[in-house]
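Notes to accompany the following structure.
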């Protein structure tokens, strides 16, 4: 028996299990909630995970110097496929985690901090809340803000990129609405260990850049689907895979996103214009595409250009993984942390250690969205380092992103220093630096809580 309702509903009595009594009872509940109303609704919105995605075209409109190969001395000669910047912005209870993927080599020439600082200031973000990352294509403009050293068109391009990135992140933040996230994984043969054993003219063994499929690598393709809970439509499909985007070499003068960029474009074309597909380069300092440093987009006699072939293969695996994705919502609390690690150093362009070498800094960013963790590393990190972090992480899903918030160069594993090779020679880190990074990344992940 339910008596007079204090919210003005009629008295009624009888068996509450009968349908005729359902609507009066609900009316009382609605009346009660209407008095609590705005506070209840606001608290519910604040506690839910919000997300927004955006994309902006960043293809140069004038010839530029392309990044990645010092042997290239002339400006670009055209555009094979467009370059984009993509952003995913999450927020929950006033905390943000913003993932930005740029079709670029990376933030060399001291461009990381100027680009980060303008985004942080204009978009009111904390340093730990921004994962500013590059896919590491070697067919995109060199970023530079120094008119005394950089090509004028590249300086103008980088200045324009500042404005574009602020607009991009703002748009992603403004689009924030309730979302759920789902995780899936696949596997791709696109990448391969590139440290190939060869011999010099005297017959001495050496490590050269080539193809070494005998060494296992992490082939996992990680896919994060962002679904609008109101419409049930897919808003974004993030993916992460560990390979250099270097199927094109120094003789190519056409602008291209290479493997990662072409995969992003494939996914977006397949899923339709409403979906944003930011790609990220996993731990791939010693991993190249199966076909590497080619001079051009070869099309004779029906030949499929290798960058297109590899990018499509990766993109199709992203789609396959998304179609088999777990339907469980992996979202939840948003937390982030940022630290500049000061690591043991060695002289760059040397294989021999010195006793007086200054330390080398590396930016490390970690974050979580519920059960999903993100680790951003500001350098070219060997594949084994990413695997170690993922294995030791307390989270069931851990996405390792490189070329993130910095450009400290190659970070090899200890055993590589005994072998030598390009990555070790050009690195500014000592042999024990990798262990320091793994330890600190796992410690920071554990600090984000269960």
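Residue numbers (this note's numbering): 1 to 450.
Yeah, the Cβ is synthetic: ideal placement off N, Cα and C, and Gly gets one too.
Inter-residue Cα distance where the pair is residue i and residue j
i	j	result
residue 330	residue 74	48 Å
residue 54	residue 314	22 Å
residue 205	residue 198	6 Å
residue 138	residue 77	15 Å
residue 171	residue 240	23 Å
residue 42	residue 369	Low confidence applies here, because residue 42 scores a pLDDT of 41, under 50, leaving its location unreliable; read the following figure in that light. Each residue's Cα considered, the two are about 21 Å apart.
residue 393	residue 115	30 Å
residue 347	residue 406	19 Å
residue 215	residue 259	21 Å
residue 51	residue 449	22 Å
residue 181	residue 234	10 Å
residue 266	residue 356	49 Å
residue 202	residue 98	52 Å
residue 374	residue 444	11 Å
residue 61	residue 237	28 Å
residue 435	residue 253	38 Å
residue 322	residue 100	20 Å
residue 102	residue 285	18 Å
residue 72	residue 95	43 Å
residue 262	residue 335	31 Å
residue 220	residue 311	15 Å
residue 186	residue 147	44 Å
residue 349	residue 428	8 Å
Where residue i sits in the DSSP three-state scheme
i	result
residue 271	helix
residue 28	Only weak support is given to the placement of residue 28: the predicted model assigns it a pLDDT of 41, under 50, and the question is left unresolved by the model.
residue 372	strand
residue 253	coil
residue 35	Any answer about residue 35 is weak, because its pLDDT of 45 lies below 50 and its placement is not dependable; what the coordinates show is given next. Three-state result, residue 35: helix.
residue 212	coil
residue 83	coil
residue 422	helix
residue 55	strand
residue 127	helix
residue 142	coil
residue 352	coil
residue 190	coil
residue 74	coil
residue 432	coil
residue 184	strand
residue 64	coil
residue 410	strand
residue 440	helix
residue 330	coil
Burial state of residue i, where buried means 16 or more other Cβ atoms lie within 10 Å
i	result
residue 403	buried
residue 85	buried
residue 367	buried
residue 439	exposed
residue 228	buried
residue 149	exposed
residue 174	exposed
residue 34	With a pLDDT of 43 at residue 34, under the threshold of 50, the predicted position of this residue should be treated as unreliable, and no value is reported.
residue 409	buried
residue 152	exposed
residue 273	exposed
residue 298	exposed
residue 251	exposed
residue 390	buried
residue 91	buried
residue 67	buried
N- and C-terminal bounds of the alpha helix (DSSP H) containing residue i
i	result
residue 164	152 to 174
residue 316	306 to 323
residue 390	383 to 392
residue 100	Where residue 100 is concerned, there is no enclosing alpha helix (DSSP H), although the beta strand (DSSP E) it sits in stretches over 95 to 102.
Endpoints, the beta strand (DSSP E) within which residue i is located
i	result
residue 292	Element bounds for residue 292: n/a, residue is neither H nor E.
residue 206	205 to 209
residue 401	397 to 402
residue 369	360 to 369
residue 198	195 to 199
residue 122	Segment 112 to 123 is the alpha helix (DSSP H) holding residue 122; no beta strand (DSSP E) there.
residue 474	Coverage of the chain is limited to positions 1 through 450, which leaves residue 474 absent and any answer about it impossible.
residue 342	334 to 343
residue 237	234 to 241
residue 281	279 to 281
Counting pairs of Cβ atoms below 8 Å between the stretch 117 to 125 and the stretch 355 to 362, do you hit three or more? No, because fewer than three Cβ pairs between the stretch 117 to 125 and the stretch 355 to 362 fall closer than 8 Å, the two stretches do not touch.
Cβ contact (3+ pairs, closer than 8 Å) linking the stretch 232 to 249 and the stretch 340 to 357: The answer is no - the stretch 340 to 357 does not touch the stretch 232 to 249, with fewer than three Cβ pairs under 8 Å.
Are the stretch 134 to 153 and the stretch 108 to 118 in contact at 8 Å, needing three or more beta carbon pairs? By the Cβ criterion, the stretch 134 to 153 is in contact with the stretch 108 to 118, since at least three pairs of Cβ atoms, one from each stretch, lie closer than 8 Å.
The stretch 145 to 165 contacting the stretch 186 to 197, beta-carbon criterion three pairs below 8 Å: Taking 8 Å as the limit for Cβ pairs, the verdict is that the stretch 186 to 197 does not touch the stretch 145 to 165.
Check whether the stretch 215 to 225 and the stretch 415 to 422 touch, using three or more Cβ-Cβ pairs below 8 Å as the test. Under the Cβ criterion (8 Å, minimum of three pairs), the stretch 215 to 225 does not count as touching the stretch 415 to 422.
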